[in-house]
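Engineer: Pasting a structure below so you can have a look.
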């Protein structure tokens, strides 16, 4: 017990009564303030199962938002359990339930040829490049070189090292994020081989980036996560209780009703955001928690609070495994077991307390007042700069590990994996995908919810987030209205002369392309959402299909408004034909274009992940679509080797649809009598002469052509433009079908793209 | 001397002979390795003037790149000087030459209304928002509240605090980056008010971002900086010596020949890059050096080395003033004077050693092993969370400052400002813009070099950087060739029929727009360069005009290649008219379009600084240019209220030029005999009937029209398209003139945009 109390008192050194009360109100991190009663410090780090035992009436739990103090009966019930798992020294009192052991893990990658190309930039005179070990230029690189270790329940296992030392790779290897065939060595939980599917259910992996919906509150964010990951059999009120308990455990009570925020919208702080990210992944109270540099980008106070939260999670009965670049001294005190890596090799493995002894035995004692990890990393860096590298340290560490083999067997868990998981479930752990009371590890389901519930939750979440950002829709609406206004004033009340026909063609080509270009502007939003999706489907939060569908459903209503807005601005101003019926079709085909266009951009966001590149690609492809739409060159004039692209052109179908909506009328006349000479040199002659010519023409043809005779009807124009294959309704359906096809392709791209395992 | 030796020995604790030798080879940071001889540790931190005394033959200095050990005569000469300025305790031995003092600095800004709009997102139930002090909602915000302090030569003065505490604002205020009228309080150097122009010459400001040309080596980057900032009177060999000395001072010897690098090209490390950024700004050995968080984003080893370099700069006779977020313990030991800020108020001011005493007197002693700055920042943060804020600490600090007023007058420099600057210049400091031997502070020039030298250097630098990234040009060339290929195959060998004419029109409209769209892809590069430019002109490294001109000169040659490539791909394949002469004009007008387009994009990069927004704006504006070019709607059909935009349309002029190049031929026929009926219902009749109609027409007109008679010549087509106002050469010159105009507007935007002072 000594070590634990020592730690607590270290962090409690400034607690005047005033500051203490403030701390509680601000962060809900009660753990600071009871140095003499370790059994109660983890009162909030209660497992879900324990919670369920006592929260009969969920309503009473919801009300007391402001009060972070745990109900007393929890503390009473928990005494026995938390005395074992809550203290830092529980290893000596009873063996841990879970032990994750890995032995001789090795992993190499083939270097792409490109790398050596870049190395040429380090010019030939560079002495360091010349000194570098020959292995740096060989074709394979060893990222992990025979790494062994053991992470135990109740402890934080930290992997340290410089960037490029293999920290993230090791975490990935343990979290089954590297294809098993590429990885050598064994990973066991309680001595049994870990099945990948089981690991996915009992573990969580927290990525370095905070990918969250910016306009949801902290509470909403966690609640949606609960709906995805907690089993359907749990009632909503129990899910709510879990979220409330988690908010306290994460110290997020005061920020619970605040939105996450983004660059424009002020939200929670960086440290709070990181804790929300962690909360999302531990909503199901996982047995093993992996974190890739959870403190990066945070100031030291926020970083400390994040690790403090991780300690509480560990004490609630989890294995916490994290990588960390350079922990501050206070964070170091929270870590139970360290593994220092240098270029994929272990240079130290053991508790933080052992560092002083280790380095003084190695001949480089750590000076007083110096942060031991900073010292160690500097020394490693220094050694790496020498021709021999850190080999001396690696070998020194090996020899020491060989001297103390006694430690390892002592830590072995006495329970078999199935028994341990069963015991853990009965305590309330591991509720993702399992039905309450199930004790068999093989009975876990892949998804917590059926398709329709996922759909509903996803739609609700996306809708909530969207409706809190009305400015995004406002910008799109403004762009559509502006373009509509400009087009309306340019093509103001077009006449039915030959020139008017040409201009109508131009108007339709531009208007239909604009619909697609407007969709391109939504690319960044799609890309951002895609990242959230990638994270969530990585742990099977929901089916990809329900995401694609709900994405389409939430995106559709705004398109209706945009379509009506554009049609209203242009249809009557330009003077398009067809009356009310024509207007309705005009709205429908614009809506279909938006639908197809947003589908196209959505699909591209699934394929191209870089914003600028994606935008360039969209603009270029849309330009080619316009080029091949039939406006610039008629279908019958397109060479055979390009005709396939004409049929692929998304712009073709809405363009032909509006053309038919406008011109498909045998009785409507666009060239009448002498107008037929408008685009010929005869156009400049006086009307009297043109009439005489017309008369002589009519005589020779044997048809009576007067100045009122219609020369070219709307139908004729369609024929001239080779718009003869599909009816306007066919064009509409084809456009709608394109929209569906692109969303299906988006689904396929997600299936193929989201295999986020290394090879 | 004790304190200094103590520090040195602290960092020297691991020096085995092997490691020591390695360190020298790796970083050239000799200062680690002579704990018992502090006088020689700063042998490399030699001022430029001292260097010039001894580097008679620059050639011998250039040769020994690998050997970082300083020539022994430096050390001998420097003994007397460095014993005074080199040690940490020199304050007691002689007064510092320079003292920058600031008294009661206050600065407030009016809050925009927008802020309160965003605050609504913190939902009403949020207890923290309700607790926040009322001042947070008022209309002005005090960023600095009566801050006083003193920074001395030979010392590092560090401003600490949480983000938003006012660190950067204070640095900006001292560096004269805030408009003087908005700032209350006084800033003096050696007791005299500081003139802004003088400060610009004797100081340097290092920004947080590393804005460097990615493809230049470290040595080249510093050499270009030397050419900009060192006076013309210095010979090239002396500039080279200065760069070499600086490389050693910065510990960059081993990286000297390595390129800076970017995301794609591997270059120097983050810490090395930061040191290069510092080096650029201290090339002229400034008296005062301001740095905004120089260690942010660096790992602790790199951060330590950066601050170590700053210490050496201070010891060479400069005042170093920096902001720092959370220094590690080792960095803290390098700082001489600290100023802690909390919401714009001073909470501690004094040496690092005083922190323990200060906080124990305040009732919150710093525990052993705890980093004092971490502790202080946590405590400040905790206090800020209380309703009273950090007021108690602010007042405690005030009362203590009042108790010890004796410290302030003791530090006053005995020299007047002019004398001090004179003495400094005679020692070789402050060589930017001054002529050697000048001792008057008022004789400093604004720019170091005349216009033509700046032009030459800028052109050389930009060219060197560009030619090392051939892939950028290759991508643009590939895009132009691909578009050319697609256009060539679509519009393959167009005939001279009425449909062919229509397609030629389409081809020209697309081809000319493509030229402009291709330019848009260069926007990110322009934006990146613009940032470098902003930094450099902030300290008058060169004239804005020479930058604009050299930018245009370097960008031009690739455009010639692109123009020829596009013309070769399309001209003959489409079958354009005019033979060799027509081809040359086609190349010229494409070149002019590229010239105008790149000018347009360059101008936009000066106005819009966000990449995605800029790209969207360029694409939208180019679309409107195309819309108004005369292709979609002829000039004589454009309504009066839009005709101004037609003349503004950049696409209009090259479009009309190529149209005339193609069609301006009275003898070339595009509609001959019966072809005149092609776009009428008569087109489907058999040729015999069409000939009969033609005959009767010719009879009635009294003109003989046969099947071979030309109905529409090229000139007629131009008339139909209302292309009658400007000749093709006029169009070319107008396009070229647009290019010049946009570059002039770019220049204007730089003049207006680069006033980087706060108001």
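Protein chains in written order, with the numbering used here: chain V, 24 to 782; chain Z, 24 to 782.
Even glycine gets a Cβ: it sits at the ideal position worked out from N, Cα and C.
Sort 211(Z), 172(Z) and 238(Z) by Cα distance to residue 439(Z) and report the nearest one.
Structural biologist: Looking up residue 439(Z) in the second chain gives position 416. Here the closest residue by C-alpha is 211(Z).
Engineer: Report the partner residues of residue 125(Z) according to the DSSP bridge assignment.
Structural biologist: Along the second chain, one-based indexing puts residue 125(Z) at 102. According to DSSP, which records beta bridges pairwise, residue 125(Z) is partnered with 172(Z) and 210(Z).
Engineer: Taking DSSP's pairing of strands, which residues face residue 228(Z) in a bridge?
Structural biologist: By 1-based counting over the second chain, the position of residue 228(Z) is 205. Looking at the DSSP assignment, residue 228(Z) forms a beta bridge with 313(Z).
Engineer: Applying a beta-carbon distance threshold of less than 7 angstroms, which residues of chain V neighbour residue 665(Z)?
Structural biologist: On the second chain, residue 665(Z) is found 642 positions in, with the first residue counted as 1. By Cβ distance, chain V contributes 512 and 513.
Engineer: Using only the alpha-carbon positions, how far apart do residue 762(Z) and residue 675(Z) sit?
Structural biologist: Position 739 of the second chain holds residue 762(Z). Position 652 of the second chain holds residue 675(Z). Taking the straight line joining both Cα atoms gives about 14 angstroms.
Engineer: List, in order along the chain, the chain V residues whose C-beta lies closer than 9 angstroms to that of residue 381(Z)?
Structural biologist: Taking the first residue of the second chain as position 1, residue 381(Z) is located at position 358. Ordered by position in chain V, no residue passes the 9 angstroms Cβ test against residue 381(Z), which lies about 14 angstroms from the chain.
Engineer: What are the residues in the stretch 477-489 of chain V lying within 8 angstroms of chain Z by C-beta distance?
Structural biologist: For the stretch 477-489 of chain V, which is checked against every Cβ of chain Z, not one residue is closer than 8 angstroms.
Engineer: Pairs of beta-carbons, one from the stretch 744-764 of chain V and one from the stretch 551-558 of chain V, closer than 8 angstroms: are there three or more?
Structural biologist: Too few Cβ pairs lie closer than 8 angstroms, so no.
Engineer: Output yes or no for whether 7 angstroms exceeds the beta carbon distance between residue 539(Z) and residue 645(Z).
Structural biologist: Counting from one through the second chain, the residue named residue 539(Z) turns up at place 516. Counting from one through the second chain, the residue named residue 645(Z) turns up at place 622. Contact: yes.
Engineer: Going by DSSP, name the residue or residues bridged to residue 305(Z).
Structural biologist: Numbered from its first residue, the second chain carries residue 305(Z) at position 282. Partner(s): none; residue 305(Z) has no beta bridge.
Engineer: I'd like to know whether the C-beta of residue 146(Z) is nearer than 7 angstroms to at least one C-beta of chain V.
Structural biologist: Position 123 of the second chain, counted from the first residue, corresponds to residue 146(Z). Here residue 146(Z) scores only 41 on pLDDT, less than 50, and its place in the model should not be relied on; the value that follows carries that caveat. With 7 angstroms as the cut-off, residue 146(Z) counts as an interface residue toward chain V.
Engineer: Kindly indicate which three-state DSSP category residue 776(Z) falls into: helix, strand or coil?
Structural biologist: Stepping through the second chain from its first residue, residue 776(Z) is reached at position 753. In this structure, residue 776(Z) counts as helix in the three-state DSSP scheme.
Engineer: So, at 7 angstroms on beta carbons, what are the nonlocal neighbours of residue 7(V) in its own chain, with the 5 sequence-adjacent residues on each side left out?
Structural biologist: Here chain V comprises residues numbered 24 to 782, so residue 7(V) is not present and cannot be evaluated.
Engineer: If we ignore side chains and look at the alpha-carbon of each, how far apart do residue 471(Z) and residue 250(Z) end up?
Structural biologist: Within the second chain, the letter at position 448 stands for residue 471(Z). Within the second chain, the letter at position 227 stands for residue 250(Z). Distance between the alpha carbons of residue 471(Z) and residue 250(Z) is about 9 angstroms.
Engineer: What three-state label does DSSP hand residue 215(V) in the structure shown?
Structural biologist: On the first chain, position 192 is the one that residue 215(V) refers to. Residue 215(V): strand per DSSP, three-state reduction.
Engineer: Let me know if residue 725(Z) comes out buried or exposed under the rule of 16 or more other beta-carbons within 10 Å of its beta-carbon.
Structural biologist: Locating residue 725(Z) in the second chain gives position 702, counting from the first residue. Residue 725(Z) should be labelled exposed.
Engineer: How about residue 719(Z): is its C-beta nearer than 7 angstroms to some C-beta of chain V?
Structural biologist: Here residue 719(Z) refers to the residue found at position 696 of the second chain. So yes, residue 719(Z) belongs to the interface.
Engineer: In chain Z, which residues lie with their C-beta within 8 angstroms of the C-beta of residue 699(V)?
Structural biologist: Translated into the one-based positions of the first chain, residue 699(V) becomes position 676. Residues of chain Z passing the Cβ test: 703.
Engineer: Could you give the first and the last residue of the continuous beta strand (DSSP E) run that contains residue 364(Z)?
Structural biologist: As a working note, residue 364(Z) is residue 341 in the second chain. From DSSP, the beta strand (DSSP E) with residue 364(Z) extends over 360-365.
Engineer: Could you check whether residue 294(Z) and residue 323(Z) sit closer than 7 angstroms to each other, using their CB atoms as the reference points?
Structural biologist: On the second chain, position 300 is the one that residue 323(Z) refers to. On the second chain, position 271 is the one that residue 294(Z) refers to. Not in contact: residue 323(Z) and residue 294(Z) (Cβ atoms no closer than 7 angstroms).
Engineer: Establish whether the CB of residue 783(Z) and some CB of chain V are separated by less than 7 angstroms.
Structural biologist: Lying before the first or after the last residue shown, residue 783(Z) is absent from chain Z, which here runs from 24 to 782.
Engineer: Taking Cβ positions only, does residue 349(V) come closer than 7 angstroms to chain Z?
Structural biologist: On the first chain, position 326 is the one that residue 349(V) refers to. By this cut-off, residue 349(V) is an interface position.
Engineer: Among 173(Z), 208(Z), 123(Z) and 182(Z), whose alpha-carbon lies nearest the alpha-carbon of residue 131(Z)?
Structural biologist: For the purposes of this step, residue 131(Z) is taken as residue 108 along the second chain, with counting starting at 1. For residue 131(Z), the nearest C-alpha among the options comes from 208(Z).
Engineer: With 7 angstroms as the threshold, decide whether the Cβ of residue 527(Z) is near any Cβ in chain V.
Structural biologist: On the second chain, residue 527(Z) is found 504 positions in, with the first residue counted as 1. For residue 527(Z), the answer is no, since every Cβ of chain V falls outside 7 angstroms of its Cβ.
Engineer: Given a cut-off of 7 angstroms on the beta-carbon distance, is the pair residue 279(V) and residue 287(V) in contact?
Structural biologist: Counting from 1 along the first chain, the entry for residue 279(V) is found at position 256. Counting from 1 along the first chain, the entry for residue 287(V) is found at position 264. Cβ distance not < 7 angstroms, so residue 279(V) and residue 287(V) don't count as in contact.
Engineer: Taking 7 angstroms as the CB-CB limit, is residue 283(Z) close to chain V?
Structural biologist: Position 260 of the second chain, counted from the first residue, corresponds to residue 283(Z). Taking Cβ atoms only, chain V never reaches closer than 7 angstroms to residue 283(Z), which makes this a no.
Engineer: For the beta strand (DSSP E) containing residue 734(Z), list its first residue and its last residue.
Structural biologist: Stepping through the second chain from its first residue, residue 734(Z) is reached at position 711. Looking at the DSSP string, the run of the beta strand (DSSP E) that includes residue 734(Z) is 733-736.
Engineer: Would you verify that the beta carbon of residue 762(V) is, or is not, closer than 7 angstroms to some beta carbon of chain Z?
Structural biologist: Residue 762(V) sits at position 739 when you count from the first residue of the first chain. So no, residue 762(V) is outside the interface.
Engineer: Taking only beta-carbon atoms, is residue 743(V) less than 7 angstroms away from chain Z?
Structural biologist: Counting from one through the first chain, the residue named residue 743(V) turns up at place 720. Cβ-Cβ to chain Z under 7 angstroms: yes for residue 743(V).
Engineer: Classify residue 272(Z) as helix, strand or coil using the three-state DSSP reduction.
Structural biologist: Translated into the one-based positions of the second chain, residue 272(Z) becomes position 249. Looking at residue 272(Z) - three-state DSSP - the assignment turns out to be helix.
Engineer: Is it buried or exposed, residue 133(Z), if we count other Cβ atoms within 10 angstroms and call 16 or more buried?
Structural biologist: In the second chain, residue 133(Z) corresponds to position 110, counting from 1. Exposed, since its Cβ has fewer than 16 Cβ neighbours within 10 Å.
Engineer: Which chain V residues are close to residue 404(Z), counting only those with a beta carbon under 7 angstroms from its beta carbon?
Structural biologist: One-based indexing of the second chain puts residue 404(Z) at position 381. 324, listed in chain order.
Engineer: Does residue 397(Z) come within less than 7 angstroms of chain V when only Cβ atoms are used?
Structural biologist: Residue mapping note: residue 397(Z) aligns to position 374 of the second chain, counting from 1. For residue 397(Z), the answer is yes, since a Cβ of chain V falls inside 7 angstroms of its Cβ.
Engineer: Please list, in chain order, all residues of the same chain as residue 729(V) whose beta carbon is under 7 angstroms from its beta carbon, the five residues on each side excluded.
Structural biologist: For the purposes of this step, residue 729(V) is taken as residue 706 along the first chain, with counting starting at 1. Result list for residue 729(V): 696, in chain order.
Engineer: In angstroms with no decimal places, state the Cα-to-Cα distance between residue 95(Z) and residue 574(Z).
Structural biologist: Walking along the second chain from the start, residue 95(Z) turns up at place 72. Walking along the second chain from the start, residue 574(Z) turns up at place 551. With a pLDDT of 34 at residue 95(Z), under the threshold of 50, the predicted position of this residue should be treated as unreliable, though the coordinate-derived value follows. Looking at the two C-alpha atoms, the distance is approximately 44 angstroms.
Engineer: Can residue 628(Z) and residue 578(Z) be called in contact, C-beta distance under 7 angstroms?
Structural biologist: Residue 628(Z) sits at position 605 when you count from the first residue of the second chain. Residue 578(Z) sits at position 555 when you count from the first residue of the second chain. No, they are not a contact pair.
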